[in-house]
Each structure stands twice: as structure tokens, then as C-alpha cells.
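Residues in the first sequence are numbered consecutively from 1492, following our numbering. Beta carbons are placed, not taken as given, at the ideal position from N, Cα and C, and that holds for glycine. Take a look at the structure below.
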Amino acid sequence: MIPSYLEALNPEQRQAVLHTGKAAGDALMHPLLILAGAGSGKTRVITTKIAWLIREQGVDPRSILAVTFTNKAAREMAERARIIDDRAGFAMLRTFHSFGAWFLRRNGNLEGLGSNFIIYDDDDSVALLSTLLEDLPKAEVKQIAHAIARAKDYFLSPEDPELDLIDFHPEFRRYYTQYEDKLARIGNVDFGDLIKKPVEILRSNPEVARRFHDRFSVILVDEYQDSNIAQFELLKELCGPATYICVVGDDDQSIYRFRGAEVRNILEFPDRFAGADIIRLERNYRSFSPILDLASSVVDKNEGRLGKTLVAHRGVGKTPTLAFLPDQDAEAEFCAELIEKSVHKKAAVYSDWAILYRTNAQSLGFETEFLRRRIPYRVVGSLKFYEREEIKDALALLSFLVNPRDEIAFRRVVNKPARGAGTATVDRIVGEAAGGDPIPSGNPVPSGDLAEAARRIMPALPSKARAGVSAFFKALEGGLSMLTPEPPESAGDNNILIFNRNTVEASDENNNILYFNKKTAEAADGKKRPRKGSKREGLSAGEGLSPCVVRLIDDSGIGEYHRTHDDITGFQRIGNLQELANAASIYPATRAGLLEFLEHIELDRSIEQETGDEGEKGTVTLITVHNTKGLEFRRVIMTGIEQGIFPRDDKLGDDLEEERRLFYVGATRAMDELYLTSCAMRRMFGRTMPMKPSLFIGEADKNVLRIIGKPPFGFEGRGLPDQSSGRRPGVQGSVIKPVSSSDGRWKVGDRVFHDDQGYGAVTEIRESDEGPVIRVKFETGKDTRFLSLHQSSGYTKIGNDD
DNA sequence: TAGTTTTAAGTTTTT
DNA sequence: CTTAAAACTA
1492 MIPSYLEALN PEQRQAVLHT GKAAGDALMH PLLILAGAGS GKTRVITTKI
1542 AWLIREQGVD PRSILAVTFT NKAAREMAER ARIIDDRAGF AMLRTFHSFG
1592 AWFLRRNGNL EGLGSNFIIY DDDDSVALLS TLLEDLPKAE VKQIAHAIAR
1642 AKDYFLSPED PELDLIDFHP EFRRYYTQYE DKLARIGNVD FGDLIKKPVE
1692 ILRSNPEVAR RFHDRFSVIL VDEYQDSNIA QFELLKELCG PATYICVVGD
1742 DDQSIYRFRG AEVRNILEFP DRFAGADIIR LERNYRSFSP ILDLASSVVD
1792 KNEGRLGKTL VAHRGVGKTP TLAFLPDQDA EAEFCAELIE KSVHKKAAVY
1842 SDWAILYRTN AQSLGFETEF LRRRIPYRVV GSLKFYEREE IKDALALLSF
1892 LVNPRDEIAF RRVVNKPARG AGTATVDRIV GEAAGGDPIP SGNPVPSGDL
1942 AEAARRIMPA LPSKARAGVS AFFKALEGGL SMLTPEPPES AGDNNILIFN
1992 RNTVEASDEN NNILYFNKKT AEAADGKKRP RKGSKREGLS AGEGLSPCVV
2042 RLIDDSGIGE YHRTHDDITG FQRIGNLQEL ANAASIYPAT RAGLLEFLEH
2092 IELDRSIEQE TGDEGEKGTV TLITVHNTKG LEFRRVIMTG IEQGIFPRDD
2142 KLGDDLEEER RLFYVGATRA MDELYLTSCA MRRMFGRTMP MKPSLFIGEA
2192 DKNVLRIIGK PPFGFEGRGL PDQSSGRRPG VQGSVIKPVS SSDGRWKVGD
2242 RVFHDDQGYG AVTEIRESDE GPVIRVKFET GKDTRFLSLH QSSGYTKIGN
2292 DD
């Protein structure tokens, strides 16, 4: 008797769902690796599996732990599993980091960590490190901070012999040690700690490990190819003898190596988890076959892969198109026209289209062109709301309120706006707080409290500095007064799941469920909240935690500082601060609520796109290839498929393989139609540079690629149609030539490119007072002279002789 | 100490 | 070109 929700699955999917890890005549648990190719329905498999385990296997939903990498994925998974069985809502569905934070709030005391820690992001880590390495240039400090983060990803401590593999700099060990010491003194953690510390606690406290083995009988991991070594270690520690572990992933979609992701985790899963079974999901329900064939033909050039063959369930469709274009302006036009035509013919709507690029900087050209043509678009991912200065300032105030030992937050805002408390004053306060004595681990002691320290040395400060410091703490007290006292143990380890944009559900350890409706919460204040750019002075307070945030921003002078500091961006900055305050309104006005708010911000920085002005035809999506993972679009244009851009020039070996996977991820987002564009030249950093077609174009199977346009020199001759007719006359501007043949000197026969005239050849060279003058015959028939302006490595630019 | 000018450099980034 | 950091000046 097969439940109806299983009937929708294909045989492999069903096999993956029905696998329980128990084999006949064998008491051991068999782990499961599901190799799920792009578009093979892996989310459906995971969610169905959760529901099936609860319904048919009698698994207690509370003993299921499902980890993902993004909050979005966690939300989607929870929603979809609950559609099949509502009890799935009791399962713990979290990101790795959110699980780690939850773990540490309850068990961090075993590592000398209080439960009120703040989570530092990468910028905070750099700021902390700069207080230790004051005389080093910022760029170097950043590099070291990055190396420390990678070390933690690889589960390496300062004393690890293998640390040299991350950074062989002789001082690195010392820097890492100092960083760890200071972080521990402050009592906060960074992202890496959220994974690394739980592993350490589980290892050194067997009774804690046993408790967790009892608690979770099933562990599911999504996007396993993006896990790092520390996360692998965490999974191993969480798995007891009776734990069933099932990981889902696709080695071809591992694209976060630069952040410590380790493809070998998935490649070597069967070796690391004994008795593992492997199930392949190779039926692709998303794309037509030529799209898959093209993507596969490129990623197939990788050596380190398990290898699989995707079969297109939808069959044969339109062949992908590669367009060679002269430059990025033509590229933007090409995309715009393609989109306009399809919408005009009613073959597609705007939201069917996505423009993919390798770097965020590439979005600008498309935005300009789309604005001009009134093509509606949205840019995904480039809004770095929480990285904005004003937001970081406000968050520093809030962080300091929660943890008065937070020197980093203190330094950031104590003298902002300028109150006469400069570095000299700050250093005195910090020195007083440090007191020379290391802080006994476990309990937050006043000796590290910066507020206490400031109070102590206040009388000794010069009057100006004293007034400034006093004003700062007065503002903090104002914020603190907006919080209501509460019994200390009421929050902190709640299991919070957000199921959709409007409903927030929180359940505590006893499964008492609390619902917050964001919309009602927002409406309850009865006031119209000012939107971005409001002319209103000051910020409006909503309910919940929001009045505290508003009070802090106002009293500290941070709001005034940003409003007056820059007329143009002032409005926007105030608007951003208002948005932050609004976001706080769904949290209770208590210390615990504040802590929850800050944790939420640190761990979920995805911002729901404002889609208010979206018409019925939707909007075109502009997005980096990285950001497309997990998404799909009917029509995709992958732009800038040029050497140096995609792949980047400096990519070799494993890094190059990752770029190939990135190409694979991008291409397999397309359901119906896929286009690639490659430019012969591109303006970069204000200069025009000649570009070569991407290595991947050479590697792609030309049987599934229709080529239009004219490739740059050296890449012609594949029987490609000519596109050079119809250029307008008149030779203004300049020509450039790639320096490939000679040392930069001109020779008769050299080939050049002109923005308007296209390609041409040098027919004559003579010397003038101002340098060499060349005569060029263009393919358009034009014959013109140019004066050489300047030369530099890689290209030569020639100005018009007029 | 605070603000201004000069110079240098320029991925991707779920948490 | 556009941004951030170092160097410089009031």
C-alpha cells in the first residue's frame, strides 16, 4: 500500500525516500548519499522523506534534524514538508550556523562562553584584529582575518601543525592565538566558532554528545557539496551509533570553495561514513536536453568529479545560442532586444528572463540599458543592507547594550558623532577594563565591562572627553530604559522557524508554539510608518523592540550624524535606519528580544525583495551566477563569457574546476532557452580592453551551440556567419589592438578594432612629431589615419588623427 | 583631532 | 569609472 504522496515520485526518488538505513540481516545503520543532479527534484525528495519518516516510520518529528546552508532553503523545506504532514513543523530545520548558535547558547558555558554572546561578522573580525595589529595596513589585516576564518572552516586551531596549509606566514599562529584570546575575553563568537566550538564541546564532553545522540535519530543535510571540514566534523560528532544520516548534494554544483567548502566531503562520503549507500537522481525535470548537454560538456572537463549523466525528461528543445558581440554596450542591447522581442510576441513575460553575470559590477550596463528602454528589472543580491555604515553603527549600539565587554562595538560608536573622546580616551577606558587580568572563563565579570571601566576613570578624564563619554553612556541608558525587565531564563534557546514572509513561529523546548504575525504586528501600531525618503524629522517608533532601537539611534546622535553628514544620502540613510527599527518591532522589548533580534540579523541577511511595482509581466532578474543556485528561469542569458571574466584569468587547477562548476550551475538554471554572450572588448576600470572568448566556449560541445556574430581575431573560421555589414560611416574616436604579435610597435598588417568601424588592418606607418601615425583600412571600406596616443601592457590605444 | 586631498586598487560570499 | 584607504593639512 503506497501512500499517495509517494506516487508522484520516480523510482529513484522513491527509493531515496524509502531508504531507512536499516538493512536485512544487519544491525548497522547505513548512511545515505543522494547524488541529486540539477533539477532532479531533490527538495521534493527531502521533504517527502521527512514526512514519510514521521507518518510511516513513527519517527518523532522532534528527533529529526535537517540542516541547510541558507535560511531560505530552511524555510522552503519546512513549508513543503508541512504540506504533506503538519507534524514536520516540529522537526528542527535550521542552517548549520543557526544550529551552532542554538547549541552554543545552551552549551557554550562548557567552553567558557556565556549565553549572551553576539555573533561577529567578517567585518567585525577584521575590526577586532586591527585592534591587535594596529600598525599593519588594512589590506594585510583583512588577509589575516580571512586566513583565520578559513582555518576555522578547516577545523584548525592555532596550535594545529596543519595550520601552515592555510597560511605559512611565521607570525600567523601568533595572530590567530591573540585573536582567539581577545574574542574569548570579549565573550563573543565569529561565524567559524558557531561550527568549530560545538564540535569541541561534543568531543570533550561525552555526556553532552550522548544527549544529542539521544535527541536526534535522523540527520538530513542539504547541499552537502558546500559543507566545509568543520561542518563534516560536526556531523560526525552528532551521529551516534543509532543515528541515521542522509546527505543530499551534487558535486558538480560545489561553488563555495573560496569560503572553505570542501568538495571532497561529498566525493569521499562513502569512505568517511562506513556502509553508505548511494542513490543517483539523474532525471532532470527542468531543462531541454541541449541545455543539459551543453552544461555537461563543459563540466565534464573536470577531473575531480563523481560523474553522472543527466537525462532530460522534457526532451529536445531549442539549441542554446552563443552571441559574439563587439562590446558590453552591444551586449546590453542584445539582451534588451531579445527580451523585448519575446515579450512583444507574447512568447514570454519579463519574469521568464534572467541575466546572469560573474561579478556584480557587470550589472550596471544592463541596468542603464533597461532603464532607458523601460524594461522592468530587479537586481538580486547586491543590496548589502547590513553592511551599510549607518546600520552597522546602530547594530554596534545594540550589541554593546547586550554585551558591555564588546570593545569592537564600543570603539565604533563611542565617538560617533565626534564628542571629543578620541583614541587616547578610548584606549584609556579599554586599558582600565582589561585591568591586566585575564577574565575567569564562564562568568561575565565586571572587570571586563567597559561601562564600569569608563565610570571608574571618568573623574580623571579631561572635561571635554568626560562630557563626551558621559553623553554616550547616557544615550545607552536611554535605550536600556525602553526594555522591560523579565525573568532571565525565558528566551535564548527558542527554536525559531520562519515559515513565510508574514508568519513567524517560535516553539520552545516543550513545543509550546507561539505565532507572530508580522502584518498584524505592523498594523497594530495604528500608525502609517514613514517609508524611505520621508521628510519627517526623527524616526517613528513602532511597537515591541522598535522604540528601544529608535531611542538609541536618536539619543546617541547616530541618526543626526547620518542625516546631516551628507545631504544626498542622508534621507536614504535615515530611511535605512527606520527600516531597521521597523524590523525590530516583531521582537519583544526585552534583553532576550534584543539578543534574538541581533542573532536573527547576523544569521539571516537575506532581504525580501520589494516587488511592489511589479506588473503582470513581472521583472527581469539581474543576478550573479553564484546567487542563482537553487533557482530556475524559463530563459537565461549568461553574459561576459570571456577569458579573464569567466573564468577569471588567475584561476588554475582546482579553482578553474570550480569556475567550470559555476558555469554548469548557471547554464542548468535555464528551463527553455539559454543564451551566452561574449564580447570582443570590454571597458574595465575606465579603460577598454580587448577580450578573448572564454576557455569554456572552446570546451563546449558545438553540436548543441548555435553561434551568431563575429568572434574576435584568432577565433574565426568555424564557419560562422558574418555580421559586419551596416555600420555607419565617419571615423571618430579611437582604435585598439591586442598586443600579441610584437612588442607594441606597429607593423603593416596589424589588425585593430574600432567602436564604430569594426575590424581593420594597418596599411601604412609613418613617424610624426607626436609619435607614430598609422593608416587603417576598415572592413567597412573606410580608410583613415590615427595618431598613437599611448601604450601600456596588453593593448595599444590609438587616437584619431584629426 | 577632524576633515580634506591624493593615491591605489578593483571576485564570487548562502552564514 | 568608482570606491576605499593612506597621507596630508588646518
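(message) If we require 4 or more residues per run, which alpha helix (DSSP H) segments fall completely within the stretch 1765-1815?
(response) 1780-1790
(message) Could you pull the DSSP bridge partners for C2170 from this structure?
(response) Translated into the one-based positions of the first sequence, residue 2170 becomes position 679. DSSP lists L1816 as partners of C2170.
(message) Looking only at its chain, what residues have a beta carbon closer than 6 angstroms to the beta carbon of L1829, apart from the 5 residues adjacent to it on each side?
(response) Counting from one through the first sequence, the residue named residue 1829 turns up at place 338. Nothing listed; no residue qualifies.
(request) Please say whether G2061 and R2054 have beta carbons closer to each other than 8 angstroms? (result) For the purposes of this step, residue 2054 is identified with residue 563 of the first sequence, where counting begins at 1. For the purposes of this step, residue 2061 is identified with residue 570 of the first sequence, where counting begins at 1. For R2054 and G2061, yes; Cβs fall inside 8 angstroms.
(message) Quick check: what's the CA-CA separation for V1834 versus G1856?
(response) One-based indexing of the first sequence puts residue 1834 at position 343. One-based indexing of the first sequence puts residue 1856 at position 365. Roughly 21 angstroms separates the two Cα atoms.
(message) Measuring only the C-alpha atoms, how far is F2154 from Y2052?
(response) For the purposes of this step, residue 2154 is identified with residue 663 of the first sequence, where counting begins at 1. For the purposes of this step, residue 2052 is identified with residue 561 of the first sequence, where counting begins at 1. One C-alpha to the other measures close to 45 angstroms.
(request) For V1617, I'd like the list of residues in its chain whose CB is within less than 7 angstroms of its CB, leaving aside the five on either flank, ordered along the chain. (result) Within the first sequence, numbered from 1, the residue matching residue 1617 stands at position 126. Answer for V1617: V1632, K1633 and A1636, listed in chain order.
(message) Pull the bridge partners of P2184 from the DSSP assignment, please.
(response) Reading the first sequence from its first residue, position 693 is the one you call residue 2184. P2184 is bridged to E2133.
(message) Between the alpha carbons of E1773 and Y1747, how many angstroms are there, rounded?
(response) Within the first sequence, residue 1773 is the residue found at index 282, counting from 1. Within the first sequence, residue 1747 is the residue found at index 256, counting from 1. If you take the alpha carbons of E1773 and Y1747, they lie about 23 angstroms apart.
(request) Run through the stretch 1588-1673 for me and flag every whole alpha helix (DSSP H) of 4 or more residues, listed as ranges in chain order. (result) 1613-1623 and 1629-1644
(message) Would you call the stretch 1896-1903 in contact with the stretch 2133-2144, where contact means no fewer than 3 C-beta pairs closer than 8 angstroms?
(response) no
(request) For the beta strand (DSSP E) holding A1518, just list the boundary residues, first then last. (result) Numbered from 1 along the first sequence, position 27 holds the residue referred to as residue 1518. Per DSSP, A1518 belongs to the beta strand (DSSP E) from D1517 to M1520.
(message) Taking the alpha-carbon of L1711 as reference, which of S1780, H1510 and G1528 has the nearest alpha-carbon?
(response) Sequence index remark: in the first sequence, residue 1711 carries index 220 (1-based). Per the Cα distances, H1510.
(request) Look at the Cβ atom of V1558, then the Cβ atom of R1585, and state whether they are nearer than 8 angstroms. (result) Numbered from its first residue, the first sequence carries residue 1558 at position 67. Numbered from its first residue, the first sequence carries residue 1585 at position 94. In contact: V1558 and R1585 (Cβ atoms closer than 8 angstroms).
(message) Could you tell me the alpha carbon to alpha carbon distance between R2160 and I2077, rounded to whole angstroms?
(response) Sequence index remark: in the first sequence, residue 2160 carries index 669 (1-based). Sequence index remark: in the first sequence, residue 2077 carries index 586 (1-based). When rounded, the distance between both Cα atoms is 35 angstroms.
(message) Let me confirm a value: L1888 is counted as buried when at least 16 other C-beta atoms fall within 10 Å, else exposed. Which label applies?
(response) Position 397 of the first sequence, counting from 1, holds the residue named residue 1888. Under this definition L1888 is a buried residue.
(message) My output table needs one value for G1751: the three-state DSSP class, helix, strand or coil.
(response) Here residue 1751 corresponds to residue number 260 of the first sequence, with the count starting at 1. G1751: coil per DSSP, three-state reduction.
(message) The alpha helix (DSSP H) that contains G1856, what's its start and end?
(response) Position 365 of the first sequence, counted from the start, is the residue given in the question as residue 1856. Its alpha helix (DSSP H) spans residues S1854 to R1864.
(message) Going by beta-carbon coordinates alone, are R1864 and E1822 separated by less than 8 angstroms?
(response) Here the question's residue 1864 lines up with position 373 in the first sequence. Here the question's residue 1822 lines up with position 331 in the first sequence. Contact: no.
(request) Would you kindly check if the distance between the Cβ of R1701 and the Cβ of I1742 is under 8 angstroms? (result) The residue given as residue 1742 occupies position 251 in the first sequence. The residue given as residue 1701 occupies position 210 in the first sequence. In the sequence as presented, Ile is not what sits at residue 1742; that position holds Asp. Against a cut-off of 8 angstroms, the Cβ pair of R1701 and D1742 comes out as no contact.
(message) Rounded to whole angstroms, what is the Cα-Cα separation between V1680 and E2087?
(response) Residue numbering aside, residue 1680 sits at position 189 when the first sequence is read from its first letter. Residue numbering aside, residue 2087 sits at position 596 when the first sequence is read from its first letter. Between V1680 and E2087, the C-alpha separation is close to 15 angstroms.
(message) I'd like to know if the stretch 1668-1675 and the stretch 1515-1529 are in contact, where contact means that at least 3 CB-CB pairs between them fall below 8 angstroms.
(response) no
(message) Please tell me whether G1808 and P1781 are closer than 8 angstroms, where the distance is taken between their beta carbons.
(response) In the first sequence, the residue the question calls residue 1808 occupies position 317. In the first sequence, the residue the question calls residue 1781 occupies position 290. Yes, the Cβ-Cβ distance between G1808 and P1781 is below 8 angstroms.
(request) Determine the extent of the beta strand (DSSP E) in which Y1868 is found, giving its start and end residues. (result) Against the first sequence, residue 1868 aligns to sequence position 377. Y1868 to V1870 is the span of the beta strand (DSSP E), which, as asked, contains Y1868.
(request) Any chance you could list the alpha helix (DSSP H) runs of at least 4 consecutive residues sitting entirely within the stretch 1675-1749, in chain order? (result) 1684-1695, 1697-1706 and 1720-1729
(message) Assuming contact is defined by CB atoms lying nearer than 8 angstroms, are G2109 and V1840 in contact in what I supplied?
(response) As a position in the first sequence, residue 2109 is number 618, starting the count at 1. As a position in the first sequence, residue 1840 is number 349, starting the count at 1. Yes, they are a contact pair.
(message) Residues in the same chain with beta-carbon distance under 8 angstroms from T2254, minus the five sequence neighbours each way, listed in chain order, please.
(response) Mapped onto the first sequence, residue 2254 falls at position 763. Contacts found: V2239, R2266, V2267, K2268 and D2274.
(request) Would you kindly check if the distance between the Cβ of A1507 and the Cβ of I1525 is under 8 angstroms? (result) Taking the first sequence and counting its residues from 1, the one referred to as residue 1525 is at position 34. Taking the first sequence and counting its residues from 1, the one referred to as residue 1507 is at position 16. Cβ distance < 8 angstroms, so I1525 and A1507 count as in contact.
(request) Mind checking which residues open and close the beta strand (DSSP E) that includes G1922? (result) In the first sequence, residue 1922 corresponds to position 431, counting from 1. No beta strand (DSSP E) holds G1922; the alpha helix (DSSP H) holding it covers T1914 to A1925.
(message) Helix, strand or coil, according to DSSP, for I2198 in the structure here?
(response) Residue mapping note: residue 2198 aligns to position 707 of the first sequence, counting from 1. Residue state, collapsed to three classes: strand.
(request) Leaving aside the five residues before and after L1620 along the sequence, list all residues of the same chain whose C-beta is less than 8 angstroms from its C-beta, in chain order. (result) As a working note, residue 1620 is residue 129 in the first sequence. Counting only Cβ-Cβ distances below 8 angstroms, and skipping sequence neighbours, we find V1632, I1635, A1636, I1639, Y1666 and Y1670.
(message) So for F2124, helix, strand or coil by DSSP?
(response) Start at 1 with the first residue of the first sequence, and residue 2124 comes out as number 633. Correct three-state label for F2124: strand.
(request) Assign N2194 to buried or exposed, taking buried as 16 or more other Cβ atoms, counted over all protein chains shown, within 10 Å of its Cβ. (result) Residue 2194 sits at position 703 when you count from the first residue of the first sequence. When all chains shown are included, N2194 counts as exposed.
(request) My understanding is that V2111 touches I1866, with C-beta atoms under 8 angstroms, so please give their C-beta distance in whole angstroms. (result) Position 620 of the first sequence, counted from the first residue, corresponds to residue 2111. Position 375 of the first sequence, counted from the first residue, corresponds to residue 1866. At roughly 6 angstroms, the Cβ-Cβ gap stays under 8 angstroms, so V2111 and I1866 are in contact.
(message) Quick check: what's the CA-CA separation for N1501 versus G1532?
(response) Position 10 of the first sequence holds residue 1501. Position 41 of the first sequence holds residue 1532. Between N1501 and G1532, the C-alpha separation is close to 10 angstroms.
(message) If we require 3 or more residues per run, which beta strand (DSSP E) segments fall completely within the stretch 1494-1542?
(response) 1517-1520 and 1523-1527
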